[in-house]
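A.B. asks: Residue numbers (our numbering), protein chains in the order written: chain A, 810 to 926; chain B, 3 to 114. For every residue, glycine included, the Cβ atom is placed at its ideal position computed from N, Cα and C. Dumping the structure here so I can ask a few things about it.
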C-alpha cells in the first residue's frame with residue numbers, strides 16, 4: 810500500500826524566516842497531495858493542495874511543489890508568524906477501487922513547527 | 003455554509019463496550035470518510051461512504067462499522083472496545099474525488 814514519509818518531525822524557526830517541510834510517497838498512482846495544519850484540540854485544516862498534473866502552487870505565504878518523478882512534494886512557508894506554530898501533515902491520495910472513484914488519504918507522521926519571536 | 007460537525011466531542015468508555023460516533027457532513031458534500039488519529043501520529047483511514055454504501059476500507063477489523071444516511075450524515079460504530087481504540091476519531095467530507103476533504107474537530111475516545 811501507499812507509504813508517506815515526512816521530514817523533519819520538529820522544526821523551529823525565527824519569526825520572519827522560511828520553513829520547509831518535505832514528504833515522499835511510494836505509490837506512483839497517487840494523484841492528489843494536500844497539506845493540513847492541525848492545532849491542539851482541533852481537526853486538520855486544509856491549507857493548500859496540489860494535483861498530480863501540476864508542479865507548483867502558491868497561495869500568499871504558502872507554496873507547494875511536486876516532483877512526480879522523484880515522488881516528492883514539499884511545503885514552503887515564507888515570512889513565518891507565531892500563529893503558524895502547529896503540527897503540519899502531508900498526505901497522498903490514491904484511488905482504492907477501479908470503479909466508484911473512491912479515494913483515501915495516507916498521511917505522513919507530522920511536523921511540529923514552532924515559530925519563535 | 004456549515005462545516006463538518008462531530009458529536010460527542012469527548013467520550014469515555016469501558017473495555018468491551020460499544021460506541022457510536024456521529025458526523026454531519028459539510029453542506030453539498032456526499033462523501034464521508036472516517037479516520038483514527040492516535041496521539042502523536044497522523045490520521046489513519048478507516049473507511050469511506052458514498053451514497054450510503056461503503057466505498058473502501060482501510061486495515062481495521064470488522065468491529066469497526068459505519069453507516070451513511072440519505073442526508074449524507076454518517077455514524078461510526080465500534081464494538082468490543084479495546085484499550086488501543088483510544089484515539090481521536092475524525093470525520094471528513096468531500097463533494098468529489100480525489101478531494102479536497104474538510105475535516106471535523108473530532109471525537110476524543112478514551113477506553114479504560
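Between the stretch 60-72 of chain B and chain A, which residues of the former have CB atoms less than 7 Å from a CB of the latter, in chain order?
C.D. replies: Per Cβ criterion, the list reads 60.
A.B. asks: Mind reading off the beta-carbon distance from residue 917 (chain A) to residue 44 (chain B)? Whole number of angstroms is fine, and I expect it under 8 Å.
C.D. replies: That belief holds up - the Cβ atoms of residue 917 (chain A) and residue 44 (chain B) are roughly 6 Å apart, short of 8 Å.
A.B. asks: May I ask you to verify whether the stretch 836-844 of chain A touches the stretch 90-106 of chain B, counting CB pairs closer than 8 Å and requiring at least 3?
C.D. replies: Taking 8 Å as the limit for Cβ pairs, the verdict is that the stretch 90-106 of chain B does touch the stretch 836-844 of chain A.
A.B. asks: What did DSSP end up calling residue 826 (chain A) once you bin it into helix, strand or coil?
C.D. replies: It is coil, neither helix nor strand.
A.B. asks: State yes or no: is the C-beta of residue 17 (chain B) within less than 8 Å of the C-beta of residue 113 (chain B)?
C.D. replies: The answer is yes: Cβ separation under 8 Å.
A.B. asks: Would you mind sorting residue 863 (chain A) into buried or exposed? The rule is 16 or more other CB atoms within 10 Å of its CB.
C.D. replies: Its Cβ having fewer than 16 others within 10 Å, residue 863 (chain A) is exposed.
A.B. asks: Of all Cβ atoms in chain A, is any one closer than 8 Å to the Cβ of residue 107 (chain B)?
C.D. replies: With 8 Å as the cut-off, residue 107 (chain B) counts as an interface residue toward chain A.
A.B. asks: Relative to the C-alpha of residue 83 (chain B), which candidate in B:76, B:74, B:77, B:65 has its C-alpha closest?
C.D. replies: Looking at the Cα atoms, B:65 is the closest of the given residues.
A.B. asks: Give the C-beta separation of residue 815 (chain A) and residue 899 (chain A) to the nearest angstrom, bearing in mind that I take them to be a contact with Cβ-Cβ under 8 Å.
C.D. replies: With a Cβ gap of about 5 Å, residue 815 (chain A) and residue 899 (chain A) count as contacting.
A.B. asks: Taking the beta strand (DSSP E) that residue 57 (chain B) belongs to, which residues open and close that run?
C.D. replies: Looking at the DSSP string, the run of the beta strand (DSSP E) that includes residue 57 (chain B) is 55-59.
A.B. asks: Please classify residue 14 (chain B) as buried or exposed, where buried requires at least 16 neighbouring CB atoms within 10 angstroms.
C.D. replies: Residue 14 (chain B) is exposed by the Cβ-count criterion.
A.B. asks: Going by DSSP, what residue range makes up the beta strand (DSSP E) through residue 874 (chain A)?
C.D. replies: Run containing residue 874 (chain A): 871-876, per the beta strand (DSSP E) assignment.
A.B. asks: Out of curiosity, what's the CA-to-CA distance linking residue 62 (chain B) and residue 903 (chain A)?
C.D. replies: If I take the Cα positions, the gap works out to 18 Å.
A.B. asks: What are the partner residues of residue 895 (chain A), as DSSP defines its beta bridges?
C.D. replies: In DSSP, residue 895 (chain A) forms a bridge with A:922.
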